[in-house]
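One structure below.
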Amino acid sequence: MGFLRNLLGTRDKIEDSSHKGQDQQPNQPSSKKLSENVEYLLNEFKRTDDLKIRAMNNGQAVLMYFEPLVDQEKIQQNIFTPLEMGHVEHISEIPNARSSENLEEMIPTLLRGHAVYMEDGSKTITRFNVTSVFNRNVEEPQNEKIVRGSHDGFIENLMINLNLVRKKIEHRDLVVKYFKVGKKTNTNIAIVYMDGIADPEIVKKMEERIKAISVDMIQSPGYIEEFIEDNPYSPFPQMLNTERPDRVTANIMEGRIALMAEGSPTTLIAPSTFFMFYQASDDYNARWYTGTFVRLVRLASFIIAIGMPAFYIAVISFHYEVLPDELLLPVKSSINEIAYPPILEALIMVVIIELIRESGIRLPSPVGQTIGIVGGLVIGDAVVRAGLVSNLMVIVVALTAIASFVVPSNELSTTLRLMTFPLIFLAGTFGFVGIVFGFLFLTIHLTRLESFGVPYFAPVAPLSISDLKDTFVRLPLFMMKKRPKDAHPLQEKAMGESREWVQHEPDNNKN
Amino acid sequence: MKRKSICILTCLLLLTGCWDTRQFKDVKLVLSIGFDQNDDGTLTETVSIPTVKRSTDGPTSETVQVLTTEGKTPREARDHTDQMIANTFDPSKAKVILMGEELAKNSIQPIFDQFYRNPNNNLNAYIAVVDGKAEDAIRMTPSNESGVSKYISELLEGQINATHSTGENIEVLHGELLEPGIDFAVPLLSIEEEQDMLNFEGLALFHKDAYTGEFIPNHQTTLLMLLEGIRGKLASFTLKVTDEEENAIRNYLTFRVMRNKQDMKVKVENDQVTADISMKLKIRVVEYPSNHLTSKKKIKKLNKKLSELLTEQAEEIIATIQEANSDVFQIGRHVHSYHPDYWKKVKWDEEFPNITITPKVEVDIVQYGVIS
């Protein structure tokens, strides 16, 4: 993929374009005449039918709101009840009312689900927050399950997501910054970081890149990711996707920045490194031996997922000398009568597995199970019996697929399955030499890649020995006294001497 | 740049598998090769090719095809074989290479030349000399084994583990063939017609690249190996230590070597070469019905007896080697490197049978089992 990048030329630097401000709002002073005000708003909203106008005081005043956005119960409770009960003289005296004389300001307000109250003969416009909210529960995300640890997950509401983060980091340094992105959709997005830990340079970079986005619609962080990542032509994800609050808070505490968007549970974390995609929350909840073991297995799965079919093809079409004597005849017997060359065999099987996987996701779960049975048992078995594909190839490809699902991040998992293809072609053309060159290109690309100006392949390249404690292995937490250097944290020290009690309790020294 | 990349990409996609591929499914694997000399100077090459067939379920069935062809050179014979078989002849996984006695007595270097030229050849293939014709050995159908190649290679491997042979393979042989002052010994197999089996006769002694006709019989090969400083997983001896007992079994002692230390000192004095080979063995007695071996005196006596017996046998071995003029202890190389003046003066081939080689074996019983 080195040449993929060259193919499309070096990326132009973002010009420091002066972003046309959401800061300077257009001003449209309200009129004393109620009909003019109503007419203005109606015209601005293109006379949409769901903009409800409710006449009050015998037509002397109106309450305007978007019917689908407001909660009728709240209107009753916040506006009419205080009036009826006689708690207030005038509607503008209701506690949560806010006044303005700018009609233009009412437009986003109405769109947010507020109600607007206007009176004839008065310039003052009063608005009330009566937004209705529909939320699902903060359940554990389906795609990032863990065994031990917290089981909450982000949902589609930005406020609740921020709430989950603030609950986990109760500190004055936690900073949230809002942005509005998307000229038509006006999507709320927020970046969250720890002031005093996160590198201000990176924060500035993030802000600049977000402000540079100029599109009509932003749907999810996936959209934003493509606009702000360093190298969009790399197959590797340069920002970590997660729906887990614990993963987000842990990364914020390492000095990284989280980016959240309204309407999506997915949070982006930047700057991220390759090895972050292999760290699961489970590693830190389990004992460190198990954590280390599982992480090693996971990293081995990287090699298996991208290299196994290529290795097998290279062995049986170039270098069968490496087969042990005992395996010689079993292997020969299984591939002897296969019609196609191994590279085609591998491609067929890899594509079939992708088909099964993709159809399994799209179908409702009861039918999805049928696909699993049909795909796994029927095709897997029948294809071998029919002599189209050798049973060894089925084993190899199945192992590869399993290995690719081990990665805790769905983003990287799909990347890995994609990376198998170039390696299969290289192995089919040049044998081991091809595989070596494939891995060489891959390593070169990974070491050159940057995420927000931070090396992607850290801490391996550039090498940082102390950060290796949480890379291939997971050493006990009290040994990781410093934050990883790759995110450039301002404050390196993450913990003090936490186990000094060992010296005070002489009994513990013995074992 | 763009156009170049697209070119490379399309080439990669369209030309896969056209370059240098050797499809495993398209070759005929030759697992054992035998060479024999004909009376008119031509060669006979015998190869065994297993063909496997997999039924949809059930076990794979293996049929072995044995082909014999003639040619002026090994390579020509191989080409003749290739003309008879389906697919391509591929010796890269050959397990054993057998030589007929007649051929081995002539010269073996020309046979192995082709194996060194092609890097695909399996340099780990074992080499053995067959007492008789190599063809007969490869044509055997051992009833309990799953193929003659596997049988022979495992037979030879067993001999290595039991300290009967050095495990001479093509790679090791190369140095020994070319280097002056080094000779080697190759396992000698004989065919047992009635049982349809092969038998490890001993080690055939080579001089330069030809079989001398002399061999170390299999009951002495272990000692020869130990004298060379080589020990496999297991080295055991059964020796007759007395004649006194009535029951014949009680006269014998079987022991295993646990640790061996070998040292060879070569001296050249007054143009006379003397070599002292001393060896210390620490042993464990595994069978000795006549005594429990609890007294130190008895053990001391046995140590002495065993040392004498082994030294005697070592002398016999050395006599055979000198008679065959096969310098398996590599004394020649020693002389070559430490006494070059002397080496230049004499013809080592003629000198070797006349030098003095004195073996000295010391045995020390360190374990005698749990009997007490």
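Those protein sequence lines, which keep their order, are chains F and P.
Each residue of the first sequence is one higher than the one before, counting from 70 in my numbering.
Each residue of the second sequence is one higher than the one before, counting from 1488 in my numbering.
C-beta atoms are modelled at their ideal positions from N, C-alpha and C, and glycine is treated no differently.
Quantities reported herein were computed from a predicted structural model and do not represent experimental measurements.
Sorted by chain position, which residues of the same chain lie with C-beta nearer than 6 Å to residue i's C-beta, five sequence neighbours on each side aside?
| i | result |
| --- | --- |
| P301/F | E295 |
| G1856/P | none |
| K1540/P | S1548 |
| I1598/P | F1522 and P1561 |
| L461/F | S403 |
| D92/F | Because the pLDDT at D92/F is just 46, under 50, the model does not fix this residue reliably, and the value given afterwards should be weighed accordingly. There are no such residues. |
| A130/F | E188 |
Starting from residue i, trace the alpha helix (DSSP H) both ways and give me its first and last residue.
| i | result |
| --- | --- |
| Q1800/P | K1783 to A1811 |
| Y1829/P | P1827 to K1832 |
| K280/F | P269 to A281 |
| N1747/P | It is not in any alpha helix (DSSP H) - N1747/P instead sits in the beta strand (DSSP E) that spans Y1739 to E1756. |
| D536/F | Careful: D536/F lies outside any alpha helix (DSSP H) and carries neither H nor E. |
| N1595/P | Before going further, note that residue 1595/P is Ile rather than Asn in the sequence given. That residue, I1595/P, is in no alpha helix (DSSP H); it is neither H nor E in DSSP. |
| V581/F | The displayed coordinates of chain F run from 70 to 580. Any statement about residue 581/F would go beyond what the structure contains. |
| E480/F | N479 to F499 |
When you compare the CB of residue i with every CB in chain P, is at least one pair closer than 8 Å?
| i | result |
| --- | --- |
| K401/F | yes |
| Y381/F | no |
| L432/F | no |
| D409/F | Contrary to the premise, residue 409/F reads as Tyr rather than Asp in this sequence. Closer than 8 Å: no. |
| I238/F | no |
| D92/F | Here D92/F scores only 46 on pLDDT, less than 50, and its place in the model should not be relied on; the value that follows carries that caveat. D92/F does not count as touching chain P. |
| F510/F | no |
| E414/F | no |
| D394/F | yes |
| S386/F | yes |
Mind checking which residues open and close the beta strand (DSSP E) that includes residue i?
| i | result |
| --- | --- |
| S1723/P | S1723 to K1727 |
| H1694/P | M1684 to H1694 |
| M125/F | L120 to M125 |
| V571/F | Here V571/F belongs to no beta strand (DSSP E); instead the alpha helix (DSSP H) covers W570 to H573. |
| D1851/P | T1843 to Q1854 |
| K1540/P | L1530 to R1541 |
| N198/F | I194 to N198 |
Is the separation between the beta-carbon of residue i and that of residue j shorter than 8 Å?
| i | j | result |
| --- | --- | --- |
| D268/F | P558/F | yes |
| L1665/P | L1676/P | no |
| D1670/P | V1815/P | yes |
| V202/F | N147/F | no |
| T234/F | P314/F | Reading off the sequence, residue 234/F comes out as Val, not Thr. Contact: yes. |
| L1692/P | I1764/P | no |
| I412/F | I448/F | no |
| I382/F | A496/F | yes |
| K1515/P | D1577/P | yes |
| K1620/P | L1518/P | no |
| K1867/P | R1737/P | The requested residue 1867/P does not occur in the structure, where chain P is confined to residues 1488 to 1859. |
| L1554/P | T1568/P | yes |
| I1678/P | A1624/P | yes |
| L1610/P | E1644/P | no |
| M133/F | L110/F | yes |
| P304/F | T484/F | yes |
Please tell me whether residue i has its Cβ less than 8 Å away from any Cβ of chain F.
| i | result |
| --- | --- |
| N1609/P | yes |
| Q1646/P | no |
| T1628/P | no |
| V1616/P | no |
| L1780/P | no |
| T1508/P | yes |
Excluding the 5 residues preceding and the 5 following residue i in the sequence, name in chain order all residues of the same chain whose CB lies nearer than 7 Å to its CB.
| i | result |
| --- | --- |
| I144/F | A184 and V199 |
| N255/F | K249 |
| T1862/P | With chain P covering 1488 to 1859 only, the question about residue 1862/P has no answer from this structure. |
| T1798/P | P1846, K1847 and V1848 |
| V1850/P | L1768, I1770, N1790, L1793, S1794 and L1797 |
Verify the contact flag: residue i, CB atom, against every heavy atom of the ligand SAM, threshold strictly below 7 Å.
| i | result |
| --- | --- |
| L518/F | Of ligands this structure carries none, so the ligand SAM is not represented either. |
Going along the chain, which residues of its own chain have a beta-carbon closer than 8 Å to the beta-carbon of residue i, five neighbours each way excluded?
| i | result |
| --- | --- |
| L468/F | I373 and M377 |
| A1722/P | A1649, T1650, T1709, M1712, L1713, R1743, V1744 and N1747 |
| T335/F | F223, S289, P290, G291, N310, T311 and E312 |
Does the stretch 324-334 of chain F come close enough to the stretch 287-294 of chain F that 3 or more CB-CB pairs lie under 8 Å?
-> yes
Mind the definition here: the stretch 432-447 of chain F touches the stretch 514-525 of chain F only if three or more C-beta pairs lie below 8 Å; say whether that holds.
-> no
Say whether the stretch 561-573 of chain F touches the stretch 378-393 of chain F, bearing in mind that this needs 3 or more beta-carbon pairs closer than 8 Å, one atom from each stretch.
-> no
Is there contact here, the stretch 267-284 of chain F with the stretch 345-361 of chain F, by at least three beta-carbon pairs under 8 Å?
-> Between the stretch 267-284 of chain F and the stretch 345-361 of chain F there are fewer than three C-beta pairs closer than 8 Å, too few to call the two in contact.
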